Amino acid sequence: MLELTDVHTYYGNIHALKGISLKVDDGEIVTLIGSNGAGKTTTLRTIQGLLRPRSGSIKLDDLELHKLPSHQVAAKGIAQSPEGRMIFPRMSVLENLEMGAYARTDKDGIQQDLERVFGLFPRLKERIKQKGGTLSGGEQQMLAMGRALMARPRILLLDEPSMGLSPILVDLIFDTIVAINKEGTTILLVEQNALMALSIAHRGYVIQTGEIILTDNAAKLQENEMVQKSYLGVE
Amino acid sequence: MNKHIKTSISIALAAGFVAFLFGGWAIVVAGGIAGLGLGYYLFGQSKAQKWQDSIKEALLPTLITAVILLALSIFQNYYVAAAIGKKPIPFNTMLQANATGIGGLIFFSFALTLMHILPLRWQRIAQIVLLTFVVISFPFIDKFTGLRWTAQVIFALIFTILALGLNIVVGFAGLLDLGYAAFFAIGAYTTGILSSPQHGIFLNFWLVIWIAAGVAGIFGLILGAPTLPLRGDYLAIVTLGFGEIVPVLFKNLIKVTIQEPFTCWILPLFRIQTSCITFMQDVDLTAGEKGISPIGRPILPIIGEFQSNNPIPWYFLIIAIILLSVFLIQRLRDSRMGRAWMAIREDELAASQMGIDPVRTKLLAFAMGATFSGFAGAFYGAYVRGIFPSVFDFSVSIIVLCMVILGGLGNINGVIVGGMVIMSADRLFLPALKDFLAGLLKATILPALSSNPTLRAAVEQNANPILYRFLLFGLTLVIMMAVRPEGLIPSAQRKAELRSDEEIAADQAAAEAQA
Ligand SMILES: Nc1ncnc2c1ncn2[C@@H]1O[C@H](COP(=O)(O)OP(=O)(O)O)[C@@H](O)[C@H]1O
Ligand SMILES: [Mg+2]
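Written out as structure tokens, the structure is:
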């Protein structure tokens, strides 16, 4: 349902995405793996409308997303847990979550989703009144994901949710991603931690210096020699 | 306990200072405000469950404040007044004034402290009743005692509306606007143009005030638009520019010609002869430096036309405008738009990912902020009866910003207190201090200097605190930022943001221990 076709994005003169094509189907977890600086975050920012592609198209079903400003992209059902988490530091956990549902007006639905987020992350419920800026890294990651879920998105974009977290927390976050997906949310997961990402994804894309160099279903990618060498640390 | 005593002594000294400066009946107002301040403080600190405990808590601090204030007041009347060459007021009058003042102090202090034992809902109601009583009785007490402060308090209230409006832009949306006086000017000039002999238009004040607010709001949109891509420092500089341009523009709109461009300019370029359609030829829109006057005043059924020599109707009108503004601003703050402002203030990128349109949100902050300055401008024009471009210079923007910061960014009550404190300092205390110093010098060292007229003149002229008002504002701000950066009455968020991480950690630990 989300499809990028030959997307080129620039930062000034820097050619960061050199013709990215990828697609995410309804109900899937698709992962985009690649090393630092490969263009993963740039891809998500371009989908979100924070960066405008110089050429190529981004479509959500028949809707041309690349022509919309980012707040309208959000309203079309795309939510992101961004790199750096971007929590509102002086708002409480609850206020942050409520901001996630800003574009919605269905009060009952919002309340339901709030319960759902607290079910997924009981830790957030304990900290409901605490200011976002004073949470630990793991709690901020949960909040960023919870806030994105509050939009009840059609597609959830996750930018390196495992970054800087302890192994136990990483497991928890990945279990939650699977749970969210089972409940019906389509997910595009960006990761440097290829091992974990491929273990939960249906399909994967490998990005290198702004180009997709490989794509296959996740099990096959795990077997792939090049992937094993470059991203899984297998000699 | 120790803290209570310190607070009561500082309040007594501050009130005593007022009594010193003004003398006579000022003790009534000084005592009343001291009582409100002390009572509000004790109310906040109180742990009492029963009314007996409340009374016990309030007893000592109130007594200390009362004794110090009374002593200072008597000392003022019999020694200081003589020293600065004023006549002491007669014994009987002084007795009445002091009894009323100290009585007010004791009443307010106890009344507020006692409110602590009421259930929460009744506390609010009782506070509102008390505040209403104070606000309504002030101009009558002022008239009865002959203090003549109401006229100045009205100016303070005009600026308070400006501060409330600027708080939307700076406090809620986090956009530093250094040219807010421009919108005040636009509101005032709209009023001037629409209800004065300048153009022979005499619209009713009750209509004009809404038009002025609307026009100011529209200019908020227009002047806000170019600042949209800018952040932080750049935004501040551009708004500073607008603040300078607008008064200069009003000064120079004295020969305005508006012609239809096609027939007047473009066709003649091709040597085609037509008659040129002129809408306006050399019209003096604003009367330049001379300013526009007299501006029409409000008229009400029973009261008739508001007069310059009776400030009481003006006072209640501005109070009504403030109440309306506070009501509207509270609604705005709690609305979806208010939440969008806060989100934009915190993190614009994240906000846009939540589906918030940054352009619309920021423009509306400018427009809403400007609208309230339109109310202030219209009232100002009618109250002063005349407007002049020099009134709306950079210093106005800065003073209003000081009020917002001093009171507590983002907090409506704080901004009102900040506005009242700064403006009464500017309008009441500095002039009184000037008279006080002049009297003091005349009675003390000036005679000794009569042999040296140059020195004498220098001392006489420079002992004028009004000359130093900006120095004093600056000093207040610096001290405030060092001692209490969150403002007098901070919003909860602002407080959290400015406190050190350690304190927050300690708070958290305490909260966890409780749970
Ligand atoms: N704001 C920026 N300005 C200029 N170059 C940038 C900016 N952000 C990222 N880049 C460059 O774009 C490339 C891709 O970056 P990014 O998408 O952040 O990589 P990843 O998320 O895969 O680590 C890198 O070479 C990076 O240096
Ligand atoms: Mg990245």
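Just so you know, the sequences run in chain order C and V.
Heads up: the first sequence runs through residues 7 to 241, numbered per the numbering used here.
Heads up: the second sequence runs through residues 819 to 1333, numbered per the numbering used here.
Glycine is no exception: its CB is placed at the ideal position from the N, C-alpha and C atoms.
It should be emphasised that the depicted structure is a prediction, and the values quoted were computed from it without experimental measurement.
Residue i (DSSP reduced to helix, strand or coil)
{"i": "C:Asp-67", "result": "coil"}
{"i": "V:Ser-1318", "result": "Any answer about V:Ser-1318 is weak, because its pLDDT of 49 lies below 50 and its placement is not dependable; what the coordinates show is given next. Looking at V:Ser-1318 - three-state DSSP - the assignment turns out to be coil, as it is neither helix nor strand."}
{"i": "V:Gly-834", "result": "helix"}
{"i": "C:Ile-84", "result": "strand"}
{"i": "V:Met-1098", "result": "strand"}
{"i": "V:Lys-1073", "result": "coil"}
{"i": "C:His-77", "result": "helix"}
{"i": "C:Ala-107", "result": "coil"}
{"i": "C:Ala-22", "result": "strand"}
{"i": "C:Val-233", "result": "helix"}
{"i": "V:Ile-1205", "result": "strand"}
{"i": "C:Thr-15", "result": "strand"}
{"i": "V:Ile-1230", "result": "helix"}
{"i": "C:Lys-137", "result": "strand"}
{"i": "V:Gln-1091", "result": "coil"}
{"i": "C:Asp-165", "result": "strand"}
Contact set for residue i: own chain, Cβ-Cβ below 8 Å, skip 5 residues either direction
{"i": "C:Asp-12", "result": "Gly-25, Ile-26, Ser-27, Ser-61, Gly-62, Ser-63"}
{"i": "V:Gly-1156", "result": "Phe-990, Leu-1150"}
{"i": "C:Asp-165", "result": "Lys-46, Thr-47, Leu-50, Gln-86, Ser-87, Pro-88, Glu-89, Val-196"}
Close-in-space but distant-in-sequence residues of the same chain around residue i (CB under 7 Å, 5 per side omitted)
{"i": "V:Ile-845", "result": "Ala-837, Ser-891, Ala-915, Asn-916, Gly-919"}
{"i": "V:Pro-906", "result": "Asn-895, Tyr-896, Ala-899, Ala-900"}
{"i": "C:Asp-31", "result": "Met-7"}
{"i": "C:Leu-57", "result": "Thr-15, Thr-48, Arg-51"}
{"i": "V:Pro-1065", "result": "Ala-1003, Pro-1207, Phe-1210, Asp-1211"}
{"i": "C:His-149", "result": "Here residue 149 of chain C is Leu; the residue named in the question, His, does not match the sequence. Excluding sequence neighbours, C:Leu-149 sits near Ile-93, Val-99, Asn-102, Leu-130, Gly-138, Leu-141."}
{"i": "V:Phe-1001", "result": "Ala-1034, Phe-1037, Gly-1038, Ala-1188, Ser-1191, Gly-1192"}
{"i": "V:Phe-926", "result": "Gly-850, Gly-853, Leu-854, Gly-857"}
{"i": "V:Gly-1199", "result": "Ala-1006, Thr-1009, Gly-1010, Ile-1113, Ile-1205"}
{"i": "V:Ala-866", "result": "Ser-872, Glu-875, His-934, Ile-935"}
Contacts that residue i makes with chain V (C-beta to C-beta distance below 8 Å)
{"i": "C:Arg-60", "result": "By Cβ distance, chain V contributes nothing, its closest Cβ being about 20 Å from C:Arg-60, past 8 Å."}
{"i": "C:Gln-86", "result": "Gln-1171"}
{"i": "C:Gly-56", "result": "The residue you asked about is not Gly; residue 56 of chain C is Leu in the sequence shown. Ordered by position in chain V, the residues that pass the 8 Å Cβ test against C:Leu-56 are Leu-1167, Ser-1170, Gln-1171."}
{"i": "C:Ala-22", "result": "Chain V residues near C:Ala-22: none, gap ~17 Å exceeds 8 Å."}
Partner residues on chain C for residue i, Cβ-Cβ distance less than 7 Å
{"i": "V:Ala-1161", "result": "Phe-94, Met-105"}
{"i": "V:Asp-1175", "result": "His-77"}
Minimum C-alpha distance to residue i - residue among the options
{"i": "V:Asp-1253", "options": "V:Phe-840, V:Val-1066, V:Ala-833, V:Lys-905", "result": "V:Phe-840"}
{"i": "C:Met-169", "options": "C:Val-79, C:Gln-54, C:Val-196, C:Ile-219", "result": "C:Val-196"}
{"i": "V:Leu-1141", "options": "V:Leu-1246, V:Gly-983, V:Ile-827, V:Ser-1014", "result": "V:Gly-983"}
{"i": "C:Gly-152", "options": "C:Thr-140, C:Leu-126, C:Ser-172, C:Thr-49", "result": "C:Leu-126"}
{"i": "V:Ile-1297", "options": "V:Ile-959, V:Asn-1282, V:Leu-1224", "result": "V:Leu-1224"}
{"i": "V:Ala-889", "options": "V:Trp-843, V:Ala-830, V:Trp-940", "result": "V:Ala-830"}
{"i": "V:Gly-1257", "options": "V:Tyr-858, V:Lys-904, V:Ile-827, V:Lys-1180", "result": "V:Lys-904"}
{"i": "V:Ala-1161", "options": "C:Leu-164, C:Phe-94, C:Val-176, C:Met-202", "result": "C:Phe-94"}
{"i": "C:Asp-67", "options": "C:Pro-88, C:Lys-29, C:Tyr-108", "result": "C:Lys-29"}
{"i": "V:Thr-963", "options": "V:Tyr-1198, V:Val-847, V:Leu-1273", "result": "V:Val-847"}
{"i": "C:Lys-235", "options": "C:Ile-20, C:Gly-33, C:Gly-40", "result": "C:Gly-40"}
{"i": "C:Glu-9", "options": "C:Gly-43, C:Gly-45, C:His-72, C:Ala-44", "result": "C:His-72"}
{"i": "V:Leu-1255", "options": "V:Val-1277, V:Arg-1287, V:Phe-1291, V:Phe-1288", "result": "V:Val-1277"}
{"i": "V:Phe-1247", "options": "V:Ile-924, V:Val-1202, V:Lys-821, V:Phe-835", "result": "V:Phe-835"}
Same chain only: Cβ atoms within 6 Å of residue i, ignoring 5 sequence neighbours per side
{"i": "V:Pro-1131", "result": "Ile-1121, Phe-1124"}
{"i": "V:Thr-1045", "result": "Leu-1053, Val-1056"}
{"i": "C:Gly-83", "result": "Pro-159, Arg-160"}
{"i": "C:Gly-106", "result": "Arg-153, Met-156, Ala-157"}
{"i": "V:Ile-1019", "result": "Leu-1012"}
Check whether residue i and residue j have beta carbons under 7 Å apart
{"i": "C:Ile-213", "j": "C:Thr-192", "result": "no"}
{"i": "C:Gly-216", "j": "C:Leu-23", "result": "yes"}
{"i": "V:Val-1074", "j": "V:Val-1033", "result": "no"}
{"i": "C:Asp-6", "j": "C:Met-156", "result": "Summary: the structure shown does not reach residue 6 of chain C, with chain C confined to residues 7 through 241, and so no result is reported for it."}
{"i": "V:Gly-997", "j": "V:Ser-1215", "result": "yes"}
{"i": "V:Ala-1194", "j": "V:Ile-979", "result": "yes"}
{"i": "V:Phe-1145", "j": "V:Gly-1038", "result": "no"}
{"i": "V:Thr-1081", "j": "V:Thr-1096", "result": "no"}
{"i": "V:Leu-856", "j": "V:Ser-826", "result": "yes"}
{"i": "V:Leu-1295", "j": "V:Gly-1232", "result": "no"}
{"i": "V:Ile-1110", "j": "V:Gln-1016", "result": "yes"}
{"i": "V:Lys-1069", "j": "V:Gly-1042", "result": "no"}
{"i": "V:Ser-872", "j": "C:His-77", "result": "no"}
Partner residues on chain C for residue i, Cβ-Cβ distance less than 8 Å
{"i": "V:Glu-1164", "result": "Phe-94, Pro-95, Arg-96, Met-97"}
Under 7 Å by beta carbon: chain V residues contacting residue i
{"i": "C:Ser-76", "result": "Ser-1170, Gln-1171"}
Chain V residues whose Cβ lies nearer than 9 Å to that of residue i
{"i": "C:Ala-203", "result": "Here the premise fails: no neighbours, minimum Cβ distance about 22 Å."}
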